[in-house]
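Student:
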Amino acid sequence: DVGGYRPGALARARSTRGADAGLFRIEGAGRIAARSWRFAGSDSTALGERVERALAKRSALLEGLRGEERATTAFRLLHGEADGVPGLAVDLLEDELRLLLLGRAAEPLVEEVVATLAARLPMDPAAVLVTHLAERPKGELRCVRPLRGRPRVEPFCVREAGYAFEVENGLREPMVSRPGIGLFLDQRANRARIARRIRERGGGRWLNLFCHTGAFSVVALGAGADRVVSVDLSRPYLETLERNLEHNRLDGARHECVRMDAVRFLERLGASERFDGVVLDPPTAAAAGRRFWSARKLQSTLIARCLALLSPRGALLVCRNDRSARGELRALVAREAARSRVELAELEEAGPAPDFPRLAGFREGDAFEGALAIRRG
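Numbering (our numbering), first residue to last: 946 to 1322.
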């Protein structure tokens, strides 16, 4: 029973057989009682040292902030348990810190984490705190609040590999639970993969399904794609996509925006349609008009249909957030390719950027699973 402890309090735990299980930080009386802080027999590590170690892993990204070009100004500085700070993630957005409180155990850590980061960054960052809890306390409606300095309220632009993307820190609608940024920072490595492939192959026709605010579309056009079709059901997402094209001065004549459920869009495509590349990164679940669908139920169908759309040597990037099936995506793509009689020349892992590290045995912290399939020419 942890009811007598305040969230974040350190407590020593023992197994049912009396063995020392190490130090834990109390979470509370919910599905998770406590979060591991230090395993039995391991060396004690102060919070500041953990943050410093996380920053050392990201030294190349941090060094890029000091140059005049500042080509990439949005990435993850701290990734919860995988960086030794359970229940807390921190993103850098241009000159602001966005802290995601993922567990009550991390509440007492916030102030020191912000101070340590502010002292190490080459700017004086503002900060916001986003309360991102599974069990929201009764009466607590405000999910986003300023934490340091004067963070922006309106959308602003960050940069990634020289491209500008519009983002939000959540302050514009602070009552919204689990607000998004407008850019999936964990997909940075895959956007680089797509750009590299388009440059190497000299253009091509690309399809971006469930395109969100169109970061993949922007990068594809910037890399020289001949045409990009972006599909999403959300009007606000597509409006942001159009602004992102303007921010990067990209030729809108090479781009087509389609406001439609991606599943229906695929159903309506002609049998002869072909693309040199397809990006398939669906949400875990979504409502499309009166019908509700889940990626888990439809993923096989979606993958098979997208594989069939590929031109010879065409590429399919497929991602999913199903933690219960982690590690099985490449096998699923291979099965659907064989079933659809689509021969693959390559099938490789396409996971998150290195600033979203994995922790063995803690799949809850994994950002997503990705696979890149190349059709045989």
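Positions of the beta carbon are idealized from the N, C-alpha and C atoms, including for glycine.
Just so you know, these numbers come straight off a predicted model, no measurement behind them.
For the alpha helix (DSSP H) holding Phe1210, just list the boundary residues, first then last.
Tutor: Start at 1 with the first residue of the sequence shown, and residue 1210 comes out as number 265. Phe1210 -> alpha helix (DSSP H) spans Ala1207 to Arg1213.
Student: With DSSP collapsed to three states, give me the class of Pro1053.
Tutor: The residue given as residue 1053 occupies position 108 in the sequence shown. The answer is helix: DSSP assigns Pro1053 an H, G or I state.
Student: Is the beta carbon of Arg1327 sitting closer than 7 Å to the one on Leu968?
Tutor: Lying outside 946 to 1322, the shown extent of the chain, residue 1327 is not represented and no answer is given.
Student: In three-state DSSP terms, what is Val1161?
Tutor: Translated into positions along the sequence shown, residue 1161 becomes position 216. Sequence check: residue 1161 is Phe here, not Val. Looking at Phe1161 - three-state DSSP - the assignment turns out to be helix.
Student: So, under 8 Å CB-CB, Val1263 and Leu1152 are touching, yes? Tell me the CB distance rounded to an integer number of Å.
Tutor: For the purposes of this step, residue 1263 is identified with residue 318 of the sequence shown, where counting begins at 1. For the purposes of this step, residue 1152 is identified with residue 207 of the sequence shown, where counting begins at 1. About 12 Å separates the two Cβ atoms, so there is no contact after all.
Student: Would you kindly work out how many angstroms separate the C-alpha atoms of Gly1215 and Val1208, rounded to a whole number?
Tutor: Indexing the sequence shown from 1 puts residue 1215 at position 270. Indexing the sequence shown from 1 puts residue 1208 at position 263. For Gly1215 and Val1208, the distance between alpha carbons rounds to 14 Å.
Student: For Ala1109, tell me which candidate among Ala1316, Val1163 and Asp1131 has the shortest Cα-Cα distance.
Tutor: Here residue 1109 corresponds to residue number 164 of the sequence shown, with the count starting at 1. Answer by Cα proximity: Val1163.
Student: Using only the alpha-carbon positions, how far apart do Leu1289 and Arg1117 sit?
Tutor: Mapped onto the sequence shown, residue 1289 falls at position 344. Mapped onto the sequence shown, residue 1117 falls at position 172. Cα-Cα distance, rounded: 46 Å.
Student: Taking the alpha-carbon positions, what's the Gly1009 to Glu1041 distance?
Tutor: Residue 1009 sits at position 64 when you count from the first residue of the sequence shown. Residue 1041 sits at position 96 when you count from the first residue of the sequence shown. Near 16 Å, if we compare the C-alpha coordinates of Glu1041 and Gly1009.
Student: Going by C-alpha to C-alpha distance, which of Glu1013, Gly963, Ala1050 and Leu1044 sits closest to Ala974?
Tutor: Looking up residue 974 in the sequence shown gives position 29. That would be Ala1050, whose Cα lies nearest to the Cα of Ala974.
Student: On the DSSP bridge list, what partners appear for Thr1229?
Tutor: Here residue 1229 refers to the residue found at position 284 of the sequence shown. Answer is none; Thr1229 lacks a bridge partner.
Student: DSSP state of Leu1007, grouped into three classes?
Tutor: Here residue 1007 refers to the residue found at position 62 when the sequence shown is read from its first residue. Looking at Leu1007 - three-state DSSP - the assignment turns out to be helix.
Student: Considering Cα atoms alone, identify which of Ser1217, Asn1135, Arg1146 and Arg1141 is closest to Leu1225.
Tutor: Working through the sequence shown from its first residue, we reach residue 1225 at position 280. Leu1225 has its Cα closest to that of Asn1135, out of Ser1217, Asn1135, Arg1146 and Arg1141.
Student: DSSP beta-bridge partners for Glu1294?
Tutor: Residue 1294 sits at position 349 when you count from the first residue of the sequence shown. Answer is Ala1316, bridged to Glu1294.
Student: Do you know offhand how far Arg1258's Cα is from Ala1282's?
Tutor: Numbered from its first residue, the sequence shown carries residue 1258 at position 313. Numbered from its first residue, the sequence shown carries residue 1282 at position 337. Distance between the alpha carbons of Arg1258 and Ala1282: 14 Å.
Student: Please name the residue or residues paired with Trp1151 in a DSSP beta bridge.
Tutor: Sequence index remark: in the sequence shown, residue 1151 carries index 206 (1-based). Paired residues: Val1173 and Gly1222.
Student: Report yes if the CB atom of Asp965 is closer than 7 Å to the CB atom of Ala985, and no otherwise.
Tutor: In the sequence shown, the residue the question calls residue 965 occupies position 20. In the sequence shown, the residue the question calls residue 985 occupies position 40. Yes, the pair counts as a contact, with Cβ atoms nearer than the cut-off.
Student: Check whether the Cβ atoms of Ala1071 and Arg1095 sit closer than 7 Å, and answer yes or no.
Tutor: Along the sequence shown, read from residue 1 onward, the residue named residue 1071 stands at position 126. Along the sequence shown, read from residue 1 onward, the residue named residue 1095 stands at position 150. Contact flag set, yes.
Student: Taking the beta carbon of Thr961 as the centre, do at least 16 other beta carbons fall within 10 Å, making it buried, or is it exposed?
Tutor: One-based indexing of the sequence shown puts residue 961 at position 16. The residue is exposed, with fewer than 16 neighbouring Cβ atoms inside 10 Å.
Student: Where does Asp1036 land, buried or exposed, given buried means 16+ other C-beta within 10 angstroms?
Tutor: Looking up residue 1036 in the sequence shown gives position 91. Buried: at least 16 other Cβ atoms inside 10 Å.
Student: Quick one: give me the first and last residue of the alpha helix (DSSP H) that Gly993 is part of.
Tutor: As a first step, residue 993 is located in the sequence shown; it is residue number 48 there, counting from the start. It spans Leu992 to Lys1002 - the alpha helix (DSSP H) in which Gly993 sits, taken as one unbroken run.
Student: Once you ignore the five residues that flank Pro1067 on each side, which residues in its own chain have a CB closer than 6 Å to its CB?
Tutor: On the sequence shown, residue 1067 is found 122 positions in, with the first residue counted as 1. Excluding sequence neighbours, Pro1067 sits near Leu1010 and Arg1011.
Student: In the structure shown, what three-state DSSP assignment does Gly1272 receive?
Tutor: What you label residue 1272 is simply residue 327 of the sequence shown in a count that begins at 1. In this structure, Gly1272 counts as coil in the three-state DSSP scheme.
Student: Using DSSP's beta-bridge definition, name the partner residues of Val1121.
Tutor: Residue 1121 sits at position 176 when you count from the first residue of the sequence shown. Paired residues: none, contrary to the question.
Student: Alpha carbon to alpha carbon, how far is Asp1028 from Gly1367? Give it in angstroms, no decimals.
Tutor: An answer regarding residue 1367 cannot be provided, because it is not within the stretch 946 to 1322 covered by the chain.
Student: Compute the Euclidean distance between the alpha carbons of Leu1054 and Leu1166, then round it to the nearest angstrom.
Tutor: Counted from its first residue, the sequence shown places residue 1054 at position 109. Counted from its first residue, the sequence shown places residue 1166 at position 221. Those two C-alpha atoms are separated by around 42 Å.
Student: Are there 16 or more other CB atoms within 10 angstroms of the CB of Asp1311, so buried, or fewer, so exposed?
Tutor: Within the sequence shown, residue 1311 is the residue found at index 366, counting from 1. With 16 or more other Cβ atoms within 10 Å, it is buried.
Student: Our contact map puts Thr1076 next to Leu1046 with C-beta atoms below 8 Å; I'd like the distance itself, whole angstroms only.
Tutor: Position 131 of the sequence shown, counted from the start, is the residue given in the question as residue 1076. Position 101 of the sequence shown, counted from the start, is the residue given in the question as residue 1046. So it is a contact: roughly 5 Å between Cβ atoms.
Student: Does the distance from the CB of Val996 to the CB of Val1058 come in under 7 Å?
Tutor: Numbered from 1 along the sequence shown, position 51 holds the residue referred to as residue 996. Numbered from 1 along the sequence shown, position 113 holds the residue referred to as residue 1058. The answer is yes: Cβ separation under 7 Å.
Student: Between Leu1190 and Gly1197, is the Cβ-Cβ spacing less than 7 Å?
Tutor: By 1-based counting over the sequence shown, the position of residue 1190 is 245. By 1-based counting over the sequence shown, the position of residue 1197 is 252. Taking 7 Å as the Cβ cut-off, Leu1190 and Gly1197 qualify as a contacting pair.
Student: Among Leu1304, Asp1221, Arg959 and Ala1019, which residue has its Cα nearest to the Cα of Glu1145?
Tutor: On the sequence shown, residue 1145 is found 200 positions in, with the first residue counted as 1. Comparing Cα-Cα distances from Glu1145 to each of Leu1304, Asp1221, Arg959 and Ala1019, the minimum goes to Asp1221.
Student: I think Asp1300 touches Leu1044, with their Cβ atoms under 8 Å apart; what is that distance to the nearest whole Å?
Tutor: Locating residue 1300 in the sequence shown gives position 355, where the first residue counts as 1. Locating residue 1044 in the sequence shown gives position 99, where the first residue counts as 1. So it is not a contact: roughly 15 Å between Cβ atoms.
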